[in-house]
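What follows is one structure encoded as structure tokens, with my remarks underneath.
In the numbering used here, the protein residues as written are 7 to 395.
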């Protein structure tokens, strides 16, 4: 059996005899994109359920509450008359934020005195908490500037001068590449890459474990032909699945596609090669697909968490940083996001080179393990008896 015949044999196994391999390869990332694309379809967290305790009950306090009600970040669900009732809403999660306006709010504001407004947040969900805090700061700042301007105008100042005196420092904010701070753009690409990695791992392992269980079938074929013939189809299909994931992300969910396609293709090709080689090596030490599946599931979560995709590498301690460098996804996930959203990734060439080196080393080790297993097979008593006949 020559190289081309082995490749055809592998494609036949992939698409006909064991089609779950194709489902792993192309289905994992596509399903993740569809599921999480729908989940994060609103892009940001809006309409945070909010309870209000207005002790002041004045026109000024109601105007402040109207500013919160007009914000898309908040949805006022109840007005209460006591601190205990407000706390009850938070503890029961009927509301995730509470606004408490003190009874001296209007009186102190008219005198030009500082008046604290309490925003209490259920911090069990960081996304909700961060949204509520940042939006409240913007609303309070704008309201405070407006109040200060009115107080200064009452002394005879012109509106423009009054505003400059009330708020002498103005913050100019410009968010690059993800202006709306969309969670869809932030999360989905990384989850798709993690799912693609799992798909490649599971499909390649199924192929290699079958080969190790049936080594007699290709015992007369060169090691080079076996390794290339078996791994090349998964490498190519993994690369195609990578491209498909990017297209679905861009076309179905309108995630920006600002990076050069050639750069993304090279990165995806090298990543697919490295994970294919990694799966081939690990499959040699797993006797069954069930064992490998358990390993891949144990590998998946730490790999994604330590990749730096959600928690930046520069904030990790030394041990965590070293661990993160051992996962191939570290060199891909954040780079793909940067290319797609920003259009460039400063570490692109370095990451491609590192991935390529890792892939070559893993493939070499996998080949050596296969040669060693072949040698043990040929030296076994059963094979010696067969050779005598």
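Every residue gets a Cβ at the ideal spot worked out from N, C-alpha and C, and that includes glycine.
- Contact annotation: the region 286-295 touches the region 198-216, with at least three C-beta pairs closer than 8 Å.
- Ranking 182, 199, 71, 379 by CA distance to the CA of residue 30 puts 199 first.
- For residue 50, the secondary structure class from DSSP, reduced to helix, strand or coil, is coil.
- Residue 100 sits in coil when the DSSP states are folded into three classes, being neither helix nor strand.
- In the structure shown, residue 189 adopts helical secondary structure according to DSSP, grouped into three states.
- A direct Cα-to-Cα measurement between residue 69 and residue 60 gives close to 11 Å.
- Shown here for residue 204: same chain residues with a beta carbon closer than 7 Å to its own, the five before and five after excluded, namely 34, 302, 306 in chain order.
- Scanning the region 238-297 from its first residue to its last, the whole alpha helix (DSSP H) runs of 4-plus residues come out as 267-289.
- Within the region 63-91, the complete alpha helix (DSSP H) runs of at least 4 residues fall at 65-76.
- Note that the region 63-78 touches the region 100-109; at least 3 beta-carbon pairs, one per stretch, sit closer than 8 Å.
- Looking at 374, 189, 349, the one whose alpha-carbon comes closest to that of residue 51 is 189.
- The region 36-45 makes no contact with the region 13-26: fewer than 3 CB pairs, one atom from each, lie closer than 8 Å.
- For residue 114, no pairing in a beta bridge is given by DSSP.
- DSSP places residue 16 inside the alpha helix (DSSP H), whose first and last residues are 9-18.
- Beta-bridge analysis with DSSP links residue 56 to 82, 103.
- For residue 37, the enclosing alpha helix (DSSP H) covers residues 34-45.
- In this structure, residue 36 lies away from residue 346, with their beta-carbon atoms at least 8 Å apart.
- A Cβ-Cβ separation of about 7 Å places residue 123 in contact with residue 105 under the 8 Å criterion.
- Runs of the alpha helix (DSSP H) lying entirely within the region 304-364, each at least 4 residues long, are 324-330, 339-343 in chain order.
- Between the alpha carbons of residue 263 and residue 256 lies a distance of about 6 Å.
- Per DSSP, reduced to three states, the secondary structure at residue 61 is coil, with no helix or strand assignment.
- Beta-bridge annotation (DSSP): residue 125 is paired with 105.
- Spanning the alpha carbons of residue 78 and residue 128 requires a straight line of approximately 19 Å.
- With a contact defined as Cβ atoms closer than 8 Å, residue 280 and residue 334 qualify at about 5 Å.
- Take residue 75, set aside five residues on each side of it, and the residues of its chain with a beta-carbon closer than 6 Å to its own are 82, in chain order.
- In this structure, residue 340 and residue 315 form a Cβ contact; the two beta carbons are roughly 5 Å apart against a cut-off of 8 Å.
- Residue 328 and residue 364 have their alpha carbons spaced roughly 15 Å apart.
- Residue 267 and residue 355 have their C-alpha atoms spaced approximately 14 Å apart.
- The distance from the Cβ of residue 248 to that of residue 277 is about 7 Å, consistent with a contact at the 8 Å cut-off.
- Using a Cβ distance threshold of 8 Å, residue 55 and residue 101 count as a contacting pair.
- Taken atom to atom, the span from the alpha-carbon of residue 358 to that of residue 181 is near 28 Å.
- For residue 90, the closest of 58, 72, 119 by C-alpha to C-alpha distance is 58.
- For the pair residue 304 and residue 38, the CB atoms are not nearer than the 8 Å cut-off.
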